[in-house]
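One structure below.
Structural data, given as structure tokens:
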């Protein structure tokens with residue numbers, strides 16, 4: 382399940398949804414990304430996430446489908462917010478459920494790595510010096526690269 | 382923070398506790414272990430977790446301290462239940478928060494791997510054939526081994 | 197075709213979208229960027245560092261040799277930074 | 197010293213704990229297991245596969261050469277299976 386929204390989300394409810402009413406789940410792995418107050422550009426007042434409506438949903442669905450094809454999962458969820466967020470606010474949730482813990486943990490890491498390099502979102506950081514677009518990081522490319530199939 | 386308890390826990394509240402009131406957290410990784418209905422022994426009616434009061438808390442605190450020494454974390458939580466649990470019930474929560482996503486994700490994986498091989502808990506599976514103690518799995522040892530320092 | 201601009205490309209070009217009809221020799225993404233760059237100083241500045249410009253054709257990532265045609269939705273944006 | 201038994205070791209030995217006073221030649225974990233095994237068929241059955249028996253002395257994992265002394269809390273249990 383993927384969602385792109387301005388509103389915050391309820392992590393507990395989203396994770397519970399992956400296990401409620403079923404008994405084949407052995408583990409649920411999740412990652413929640415949060416706006417940090419300090420950035421390379423200085424103290425952050427806010428962060429604005431821009432996205433590409435339509436393409437963003439399409440790419441997220443594709444990334445989720447890739448995870449479902451690589452690992453045996455009982456469920457997954459990707460929620461990514463857009464708009465202006467303050468330090469401490471949640472940006473993104475990825476969660477995967479599986480009968481086996483390793484599949485859940487690996488696919489969760491995969492989803493966040495791929496999402497960072499493939500989902501059309503752009504971060505604008507607001508500091509005292511003004512707004513500045515965040516530059517893509519090479520370390521994120523490397524993190525995503527390791528999931529590339531030979 | 383570690384807790385060993387018979388009662389269920391509130392995943393959303395536990396994860397929120399790692400970020401509330403602070404702005405230095407960039408990501409929270411978590412794993413929730415759940416009782417599966419099917420096991421090597423057949424269809425599970427229930428699972429009883431035995432532990433060693435005192436030593437269990439001591440070992441979990443030690444494992445958590447090891448994670449805090451290896452990764453730069455802003456917080457962590459390990460909650461492990463004991464007693465009789467039904468399929469679909471939560472067994473364990475491990476969660477780690479950090480300024481950087483990779484530290485959170487890696488340390489979460491580390492905690493669950495080490496916990497599986499070092500924390501004194503024993504699972505008794507109840508099936509139609511009776512109760513049977515779960516045998517330790519070599520794959521869990523391998524998963525824990527990869528975190529051993531040279 | 198419909199052009200969309202995101203993040204600092206939107207800022208430099210000064211609009212978020214526009215309807216354009218490139219000449220017939222514009223057959224692929226590379227041709228389109230070359231032609232766009234010649235449409236004025238704002239475009240020139242936005243497209244100066246070609247490695248920093250990613251392109252999607254009809255919401256799929258597209259390489260320079262990817263064909264473009266009338267009716268396509270073509271988006272230009274910097275490398276993504278979500279998550 | 198206080199002996200504690202967990203999981204199937206508790207089942208085979210038939211009790212969860214007991215107070216024991218081993219003879220003076222029992223100086224370490226290995227000695228203790230050897231002596232315990234001779235205390236009757238239940239102990240013998242429980243300790244037959246020595247690799248399946250883990251030991252903690254005062255709540256720390258202990259190898260066979262780890263010393264034991266009066267007043268110690270010594271736990272015997274199978275490899276752990278939590279998480």
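Chains as they are written, first to last, in this note's numbering: chain S, 382 to 531; chain V, 382 to 531; chain R, 197 to 279; chain B, 197 to 279. Backbone N, C-alpha and C define an ideal beta-carbon position, used for all residues, glycine too.
Using the beta-carbon of each residue, which ones in chain V are nearer than 9 Å to residue i?
| i | result |
| --- | --- |
| residue 271(B) | 433, 436 and 501 |
Quick check on the burial criterion: 16 or more other C-beta atoms within 10 angstroms. Buried or exposed for residue i?
| i | result |
| --- | --- |
| residue 488(V) | buried |
| residue 521(S) | buried |
| residue 506(S) | buried |
| residue 263(B) | exposed |
| residue 428(S) | buried |
| residue 526(V) | exposed |
| residue 395(V) | buried |
| residue 519(V) | exposed |
| residue 255(B) | buried |
| residue 504(V) | buried |
| residue 240(B) | exposed |
| residue 235(B) | exposed |
| residue 273(R) | buried |
| residue 388(V) | exposed |
Could you work out which residues of chain S lie near residue i, taking near to mean beta carbons separated by less than 8 Å?
| i | result |
| --- | --- |
| residue 221(R) | Chain S residues near residue 221(R): none, gap ~27 Å exceeds 8 Å. |
| residue 252(R) | 433, 436 and 501 |
Assuming contact is defined by CB atoms lying nearer than 7 Å, are residue i and residue j in contact in what I supplied?
| i | j | result |
| --- | --- | --- |
| residue 412(V) | residue 478(S) | no |
| residue 456(V) | residue 279(B) | no |
| residue 485(V) | residue 402(V) | no |
| residue 453(V) | residue 405(V) | no |
| residue 275(B) | residue 197(B) | no |
| residue 384(V) | residue 460(V) | yes |
| residue 514(V) | residue 203(B) | yes |
| residue 213(R) | residue 200(R) | yes |
| residue 271(R) | residue 248(R) | no |
Under 8 Å Cβ-Cβ, which residues of chain R neighbour residue i?
| i | result |
| --- | --- |
| residue 430(S) | 278 |
| residue 493(S) | 279 |
| residue 473(S) | 278 and 279 |
| residue 517(S) | 274, 275, 276 and 277 |
So what does residue i bridge to, in DSSP terms?
| i | result |
| --- | --- |
| residue 386(S) | 462(S) |
| residue 504(S) | 430(S) |
| residue 201(B) | 272(B) |
| residue 511(V) | 508(V) |
| residue 424(V) | 419(V) |
| residue 475(S) | 412(S) and 459(S) |
| residue 520(S) | DSSP lists no partner for residue 520(S). |
How would you list, in chain order, the residues of chain R whose beta-carbon sits under 9 Å from the beta-carbon of residue i?
| i | result |
| --- | --- |
| residue 514(S) | 203, 204, 207, 274 and 277 |
Determine the chain V residues that contact residue i at a beta-carbon separation under 7 Å, and present them in chain order.
| i | result |
| --- | --- |
| residue 508(S) | By Cβ distance, chain V contributes nothing, its closest Cβ being about 14 Å from residue 508(S), past 7 Å. |
| residue 244(B) | Near residue 244(B) there are no residues of chain V at all, since even the closest Cβ is about 16 Å away, more than 7 Å. |
| residue 490(S) | 486 |
Quick one: is residue i near chain A, going by C-beta distance under 7 Å?
| i | result |
| --- | --- |
| residue 469(S) | In summary, chain A is missing from the structure at hand, where the protein chains are S, V, R and B. |
Kindly list, in the order they appear in chain B, the residues whose Cβ is closer than 9 Å to that of residue i.
| i | result |
| --- | --- |
| residue 455(V) | Per Cβ cutoff of 9 Å: no residues; residue 455(V) is ~24 Å from chain B at best. |
query = In the region 427 to 470 of chain S, which residue ranges form an unbroken beta strand (DSSP E) of at least 3 residues, counting only runs that do not cross its ends?
reply = 427 to 432, 456 to 462 and 464 to 466
Segments assigned beta strand (DSSP E), at least 3 residues, entirely inside the region 394 to 422 of chain S = 408 to 415
Whole runs of the beta strand (DSSP E) within the region 245 to 278 of chain R, excluding any shorter than 3 residues = 250 to 253 and 269 to 273
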